[in-house]
Structure formats: C-alpha cells, structure tokens
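For reference, each letter of the sequence shown is one residue, going 7 to 886 in the numbering used here. Just so you know, even glycine gets a beta-carbon here, dropped at the ideal spot from N, CA and C. Please read all numbers here as calculations on a predicted model, not as lab measurements. Below is one structure, written out as structure tokens, with a few remarks after it.
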Amino acid sequence: MKISAAVSSTPLVTPAAKAAEWTTGWRPSDCSSGEEDVAESVAESAISEFNAAMGKLNEVSTTRQVSPLTFQLKTTWDEAKEHEKEVCIDKATEACSLVCEIIAPKAAQELLQSCCIPDTKADYEDLVPLMQAYNAAKTRNVKTQILSLYAYRYPARTLQRIHEPFAKLTSWQIKRARAHARECSPGSLVEKPPSHRVRLLPAKLDHFLDFVNRPYFYQDVAFGTRKLKLKSGEKLTMPNIIRKVTRATMIRQYLKFCEEEQYEPLSRASLFRVLEVREASQQKSLSGLDNTAADGSAAFERLQRIVEELGHIGLEKSLADDISRSLRDGKKYLKTEYQKNCKDNESSCPDHCRKLGLSDPNDPNFQEKCTHEHTLSCPQCDDITSCLHKLQQTVNDSESLRFYSKEQKEDFLYDIEKASDAIVQWKAHIMRAVNQECAKQDILAELDQNSCLLVMDWAMKFLQLRYREKQTDWYGKRGLSWHITSVVTKDMSSATEVISYAHLFDQCTQDWFSVASILEDLLTKLKARNPLIQRAYLKSDEAGCYHNSSLIAAVRDIAKRVGVTVHSYHYSEPQSGKDICDRILCPLKSSIRMYCNEGHDVLTAADMRDALIQHPVKGTSAAVCVVNESRKTLSVKKMEQFSSFHNFEYEADGLRVWKCYGIGDRKYIPYEMLYVTNQVPTALQTVESQEFYVPLGQRKVKPSSEASKSTESSTPLFECSKLGCNEAFESFAQLELHLDVGKHTASRLNQYDVIRRDWALKFSSVDNPADTEMYSVPSGGPPTFSEVTSSKSSLQTGWALSKPRSSVRFSPKVKEYLTARFTIGRKADPGQVAADMRNAKNESNERLFTRSEWLSKNQVQSFFSRMAAARRKEQVVVGF
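Pasting the structure below:
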C-alpha cells in the first residue's frame, strides 16, 4: 500500500522523458512556447544535478577538482563553434578523469586512456615533425604560427601531455595559437605593416599655433633665462615664459574653439606633443613691452644681488634672509595684488588712495580733496618701504660689514637709491594704469544706441609674404602700414557689439594727419550706415601720432563736418596692457598667412584685403586707402604742459583737460589759444573696388543677466585671465569680447577666509599690542588695511604722478667717451657701454667718471641714435 501510494503520487517519467532530460541540446522541433519554457527548466535542472554530483565526487577526491558546469551545448557537434567544442571537450575530460580516479585511484590515467584514446601514439605520430619544428623555432611568433596548425586537434590538457617530450606548453600559448588560427587562419604568416612618422599638416599646425600664441595663455617673466637643448646637441637661451593655464585646459579650449569655427583640428595626442615641444622651443616674449614694470623688476633683482654680496662681507645670515624674503614678497605683491587694492577711488590707506597719489599739489585744477583720513596702513606696502630703508641703513651704518674700499660702499648706496626709485615708479605706474582704465569702463557704462566708442591703434607693419620666396627676396622687405579701429556700440537689447575696421596702405606716414584722415573717413561711413549715431568717444595709446595737439584740434573740425559730436578723447597709460585692436590682430594675421599658404603672394595692401575676404574674420572689414597729404592745412599754437594731459573733453568753446582721469575739476583751454588755421576736409581716398566690405557678423557681448542665464546649462570653460576677475565663459569668442569691453568683477571672499585673515592680522605685529584691537576688514573682499597708524604717512600728495622728463647735458668727457665707443667700427651694445662707464679708469687707475656722470642704458641708446641720424644726414648731403 505504501509503495503504490508513493507510486501514484509521483508523476510517471518515461524513458523517453529521461533521455530528453539528460540529452545535451535536446529541443523538440514542434514544441510550443510553453514547452520551450519546460525545456529550459529541465536544462537548468540537469546542470544543477551534474554540478551537485561532481561536487560530491570533489569531496571524495583528494587530487583532482572539477569546476562547475555553466552551459549546455544547444547544437549538433558539426554546427558547434570551435571554442564551444574546446570548452565541452575540456569539461568532459575533467569529469571523466574524476570518475576514473574514483574507480581506479592508483590507475586513473591509464583507465582514462584506455577508455577515450585507444591508440593515442599512433594518432599523433604525424605531429612529431611539427612539434620538433616548434621546439627549434627561435621567435615566439614563429612558434605561435606552427602551434596554430594543430592547436584545435586535441583538448588543451591532452595537447600539453603529448607535447611534453618536445617542449612544455602553457595554457596561454595554446590560447594564443588558437586565436591566431581563428583570426588569421592556421599557420599563416602575419606581416607587421611598416609604421612611418606622419608629418603634421602645416595649415592645421599654424591654426593651432595661432590660437595658442594669444597673450591670454602666456605671460613672460621679463627677466631670467633657461637653456634649451636640441637633438643635435645645440643649446639655445630663451626668456622665461609662464603659461597661465595647463596644457590640458589649453587643448580643451582649442577643441571648443574649433567646434565653434567648424574646423577639423589635429588629433589630441598631436596637440599635446606640439605643446611639449613648444614649451621647450618658445624663443620670443609675448608680453615684455612694459618698460616701467621691467625696470622695477630689474631693481628687485639688483637688490637681491646686493644682499648676496653683503652676505659675503659680513652681513648676518638671519638679516640677509629676512631682507631677501621681503624683496621676493614685495615683487610678487606689486605684480599681483597691488592692482586690486587700487580699484577704489578713495581709500583710507595712502598707498592705495588714487585721489592722494594722482592729485597735483601745485595746480588746484588737478587736485581732488579726500573726504577721509588716511589712518590705515597696508602691511605689504609698508614691508617694501621698510625693507628698502633697512637695506640702505644697513649699508650706511653697519660696522660688521668689511667693504673692500669706500668706493664699493658708495656704489652700493647708489644702486640702492636708483633701485628704490625704480620700484616707486613701478608702483605709481600701476596706480595710473588702473585710473586710466576707469575712463573706458565709464564710457562703456554710458553707451547707448546714439553713441559709440572708437579704439584706435597702428598695427606693426606687415612684412610681405611670398608663397615661394627666393633668398634674394628675403632681404629688404617693405612693410605695409595698416591701422585698426574697433567701434563699440550697443543695440536695442543693450548688448555690446564690436566691429573692427582695417585701413590698409601701400605707403603711409604714421603721423597725426594720417590718423585724422582715417578718423574722418570712418566717422563719415558710420554716420551713413547708422544715422542714429550722434556722439562718439575716442581712445588710443600715447604714441606720438595720437598724443599731440594737432590731432586734438583736428578732431573738433572733423566732428563739425561729419555731424557727430566727439565728446572726449582718452589716452591709456603707456605700455599698460593690450586692448581691443591688439587682440583682433592675431586672427587677422592668421587669415593672411593661411591665404599665402594656399599659393598666393601678399605683396600689396590689395593682396591683404583679398586674403581677408577669402578667409574672413568675424566682425572685421578692410579697405585699401591713400592719404592725401596735400590737404594738410592745420596749424596750432604750442600748448604748455601738453605732454602731462591724458584726458580731453570737448565743449562748445574750449577743451577741458585732465592730468589723470577723474582727478580735479579739470583745466579749461579756449579754442582761441589752440588754433592758428583750421583743418579742411582730409579727403582720404579709397582705392576703387577696394572699399570696406560687409563684415561677417558682429562680435557681441550680452548683458550680464542674460549671459548668466545662457551659461547655467553647462560648465564654463574659458576663464578671464585678468587678475581678480572671476568671470568664465562657454566660448573663446565670449572671453575675447569680455577682455575687450567687459567689466572685470572680483569674487567675494569666503566668510571663513575673512575670519582667518582677521585672525592672522591680529597677531601680525607684536610691537604694540594695544594697536591690535583696531582693524578694518571689508566684508566683501580681502582686507586691504592692517592696522591704525599713529603717525602721518610719508607719502605726499601727487606721489604717483608721472614725472616730467628732465634734459641732462652730458659733460665733454662723457660725449668724447660715447663718441669713441660709437665710432669703433662695430655696433656697441648700449647696456654694455653703460656698465663699462662705471668701471672705466684713466692712466692713474682712477675712475674716469663720477657717479653723477654715469648714464643709464636708455640714455646711451638715445645718444647713439642721435649720432646715427647725424651720420645719415651727412651722407645724404655729401651724396648731393
């Protein structure tokens, strides 16, 4: 009864069903979807039962282990793939070996051979020559090719066993041979294709180099050099260059720029290699134009050398290290933070107050009374002043210093005095540059649809280019003059638009009349294209063709004829940085060079215009012009102290002039004191068919609120390089426009950083603990002032004003020496001549010149220039 109950409760399993359950790959052809699910479950059950059985045998076995089975072969043996057969053979061999070990523990291998391979030796006798050849092969690739001929003939373990008398095989070698047979066919010889170095396409390389040449990416140190070693062993000396961004960031920005321009660049790896090579082969400075900053930096370097020399003659090491550290920190401070501290027009710190530093104490028209007291001091500025005073006092009064002679001590004092003056001039130069930049920002804030700002500049003369140039043509090239004027306007949506106009000349004298002709021509065209323009502002650098009374007077006559009121003319601080025109020149030159690389010669102004038409730069236009010198009729009276005026405002009956923008009530100069005769129309001639073409779009800057909305969706990649500005943009075009006409905004200091700074400042001085209770720490930025000072500041009103040039008459002895050096027969270096004057001695071994007769490099260079001009004039007279 129990047996029958048990039988009746169990489903009947027929032999056919059992066979179907354990048959590998069983699948009835006519089963439905439900039957397929049953088949899948049966297969999983079969694998599970197999693994369970093998697991129990693994527990009994002591030498062999079988890995679990993970799949069943679903096809016939002939339809199965080679790697599937391989896996099945290996699994079956492992299982059979384990079963044979259980059956015959001491003869498992013999039992397996007798069951599976009845005559193995006879089966692989034909492989003996191949295995011998495999053993004799010298290279790994040849062995792989031989083994691939029979790698699939046996399972991996069997192949290892029969191969053991000739050469030992590893599983990796078998897999590699099977892969070779599968991918390249058994025994085939695979030839490695020769790899050749690919030459970079010149056009794409120039496109990348033109992008990374922009001043945004680099900054030179002005002094210091490094050695570069070429593959030939040659060594080059180059100035130190600072890259403002990392190479990866530079390449990301370039790829983004190419995406905007729809240009296919070089590969990313090639760009990295180019930057690696370029980092070691950059041989020209990109931004070493500021003479005042260079002289200030050289002064710090000279003081450092003086400290080192004093250390050799007895100066205490602790004092020398203290002075050296102060000099390094002071140089870094003037290069970085001092410019930010001068942003405010009024400051309780005298070192940062522009009203105090730029007011003329001798002329009430150029004075601005401070509405505050200068009760705070800047620790960095004070550290520079105290360091210079300490160094001078150490040389003057120290008894521990062992000078070689009295002359050495006096030379040190002389150098310290000159270096201190250069540092103060650098500091004043920074303040004047910040103040003059405020004029541009104020104009941009006042711009509307009826006004425009014109920024003017002469570009460096463009040297002629030939597609194929002979060696004889390389010498004596004629430079082509071109003048850039960037016009800044605002549209209906208050977005700032910039269009740059290039006046091209085959021959032109870069004087005030050429500038007046260009200005009249451009204002006439702007008025014709946009009748709404009624007011214009002018801005340029202080080159002689701009900063002269003739151009100031001609501008008033031009404005009357054109019908556009010129409100004011502002000059930037000399060598105070790049402006709009300098930045647009780089893509213009790149377009012309690209045109030349396509097989064209650029020899005339018309060729330059054709190049700019073929490869247009967004927001630019060009025309070929000729100046009519016969129309120059203006005559003006000499204006006293004209060189000290940097801002002019036109009124109905006269001029209002500033020495420094916004400082004082301005000085009034009636037009009667300026004009002798007025300027007639300049009549600048535009070459026929070479007029201004319609520019390709406009460069546009959206208002800050609209721009911020557009950048919320993505992370901005291009950051402003201006110190203290935290603006970032999605495209390089937006960054360039921000540098041209944007306002630099400083980020607010983190509140925790304010606390940290306050904590550090409270203990920055231990001389007077009572004074540490009174500090001023701005909540919106880094603290500018450190502590209350009980004494008056040593800085006087007008300390930052530019000093007038003083004419020094050279003594006959100095003139004789310089003339002799000039007429030696080879070109003398002015810097070396200035250094030699300090050490020149007479026959009595005494110094030839006193310290008051020593000259600077610029003074020697000016003297040599006058000598060269006089010599050329004499040659012309003799020739006639």
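- As computed with DSSP, D463 is found in a beta bridge with I490.
- With respect to the 8 Å criterion, I590 and T626 are classified as neighbours on the basis of their beta carbons.
- Shortest Cα-Cα distance from W480 to any of S546, L471, S574 involves L471.
- Counting the other Cβ atoms within 10 Å of the Cβ of F735 gives 16 or more, which makes it buried.
- In this structure, the CA atom of S354 is about 42 Å from the CA atom of V521.
- Approximately 24 Å separates the beta-carbon atoms of L680 and N634; this is outside 8 Å, ruling out the contact.
- Taking a contact as a CB-CB distance under 8 Å, the pair D296 and Q581 counts as one, their CB atoms being some 4 Å apart.
- Rounded to the nearest angstrom, the gap between the Cα atoms of D335 and M256 is 29 Å.
- A Cβ-Cβ separation of about 4 Å places A173 in contact with N141 under the 8 Å criterion.
- Within the DSSP bridge table, the entry for Y577 names S546 as partners.
- Per DSSP, F511 is one residue of the beta strand (DSSP E) stretching across 502 to 511.
- Where K673 is concerned, there is no enclosing alpha helix (DSSP H), although the beta strand (DSSP E) around it starts and stops at 673 to 676.
- In this structure, DSSP gives A734 an extended state, which the three-state scheme calls strand.
- Of the other Cβ atoms in all chains shown, 16 or more fall within 10 Å of the Cβ of W488; this residue is therefore buried.
- For K433, the number of other beta carbons within 10 angstroms of its own is at least 16, and it is reported as buried.
- Nearest to Q310 by alpha-carbon distance, out of R331, I319, E322, Q838, is R331.
- Contact check for A629 against F698 passes: the beta carbons are separated by less than 8 Å.
- Counting only runs of 4+ residues, the alpha helix (DSSP H) found wholly inside the stretch 810 to 873 occupies 818 to 828, 836 to 845, in chain order.
- Looking at the backbone, the Cα of Y410 and that of L316 are separated by about 11 Å.
- Within the same chain, Cβ atoms closer than 6 Å to the Cβ of S578 are found at Q442, D547, the five residues on either side in sequence being excluded.
- Cβ neighbours of E267 within its own chain (closer than 8 Å, five residues either side excluded): none.
- When DSSP reads this structure, A522 sits in no beta bridge, so it has no partner.
- For T478, the secondary structure class from DSSP, reduced to helix, strand or coil, is helix.
- In the structure shown, the three-state DSSP call for V608 is strand.
- Around the beta carbon of S191, fewer than 16 other beta carbons sit within 10 angstroms, so the residue counts as exposed.
- Checking the DSSP bridge columns, you'll see F278 has no partner listed.
- DSSP, read as helix, strand or coil, puts R535 in helix.
- Setting aside the 5 residues that flank it on each side, Q386 is surrounded in the same chain by Y339, each with a C-beta closer than 6 Å to its C-beta; the list follows chain order.
- By the C-beta criterion, the stretch 450 to 462 is judged to be in contact with the stretch 484 to 504, since at least 3 inter-stretch pairs fall below 8 Å.
- Here W464 is buried. Its C-beta has 16 or more other C-beta atoms within 10 Å.
- The Cβ-Cβ distance between L281 and R253 falls below 8 Å.
- In this structure, L75 places its C-beta atom within 8 Å of the C-beta atom of N57.
- Secondary structure in the stretch 422 to 469: the beta strand (DSSP E) runs of 3 residues or longer, each lying completely within the stretch, are 457 to 464 in chain order.
- For T342, the number of other beta carbons within 10 angstroms of its own is below 16, and it is reported as exposed.
- Relative to L206, the option among M466, F278, S177 whose CA is nearest is F278.
- Within the DSSP secondary-structure output, L471 pairs in a beta bridge with V608.
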